[in-house]
Amino acid sequence: MAFSGQFELLERANHKLKLMVPMTLMIIFVLLYLAFRRVGEALLIISSVPFAQVGGIWLLWWMGFHLSVATGTGFIALAGVAAEFGVVMLMYLRHAIEAVPSLNNPQTFSEQKLDEALYHGAVLRVRPKAMTVAVIIAGLLPILWGTGAGSEVMSRIAAPMIGGMITAPLLSLFIIPAAYKLMWLHRHRVRK
288 MAFSGQFELL
298 ERANHKLKLM
308 VPMTLMIIFV
318 LLYLAFRRVG
328 EALLIISSVP
338 FAQVGGIWLL
348 WWMGFHLSVA
358 TGTGFIALAG
368 VAAEFGVVML
378 MYLRHAIEAV
388 PSLNNPQTFS
398 EQKLDEALYH
408 GAVLRVRPKA
418 MTVAVIIAGL
428 LPILWGTGAG
438 SEVMSRIAAP
448 MIGGMITAPL
458 LSLFIIPAAY
468 KLMWLHRHRV
478 RK
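Residues 288 to 479 in my numbering are what the sequence shown spells out, letter by letter.
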């Protein structure tokens, strides 16, 4: 028995997505490694991507959408935005730590100074991140609620992005700084 028509096209698209999603994540990881020159920091950012996807999955469930090629495309776009959030946050955290030279000296190290530097680096990202999230959501809501030709497909691309725009910023503002602190302490072998 052989299937043809739309089912065959759907199966072919699903097969391509099964190859493209891991390949996309691998390319993102390699680019992150090339940018930071540390496997730990690249892993921190790439591991934050699945947690950012939680908001997209939640919104798909809430709206009654099923996983499809269109939602897969939305998740790929969300992965890129979540990785970008993590990269920029990590850069700000690194710059904030570098601005406090006493953190690199074991005699003058203070965990309180490290916390203050990380807090300062994270706070610098709140306003730009809020503006980015607001613009993305404002641009995607009309697509999500659209009723014209092709709106069914477009709404399924927009849904994961909108849901992810709720969880991805929270993740990058709270989890990434905390995880980076643990990585920094481990790398510098600082005992509490």
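Even for Gly, the Cβ is constructed at its ideal location relative to N, Cα and C.
How should K416 be labelled, buried or exposed, when 16 other C-beta atoms within 10 angstroms of its C-beta is the threshold for buried?
buried
Within 10 angstroms of its Cβ, does P447 collect 16 or more other Cβ (buried), or is it exposed?
buried
Is F461 buried or exposed, if buried means 16 or more other CB atoms sit within 10 Å of its CB?
exposed
So, does the segment 338 to 355 touch the segment 394 to 407, judging by three or more C-beta pairs under 8 Å?
Under the 8 Å Cβ criterion, the segment 338 to 355 does not count as touching the segment 394 to 407, having fewer than three qualifying pairs.
Using a 10 Å radius around the Cβ and a threshold of 16 neighbouring Cβ atoms, would you call E328 buried or exposed?
buried
Under the three-state reduction of DSSP, which class applies to F352: helix, strand or coil?
coil
Decide yes or no for the touch test of the segment 398 to 405 against the segment 367 to 379: beta carbon pairs closer than 8 Å, at least 3 of them.
no
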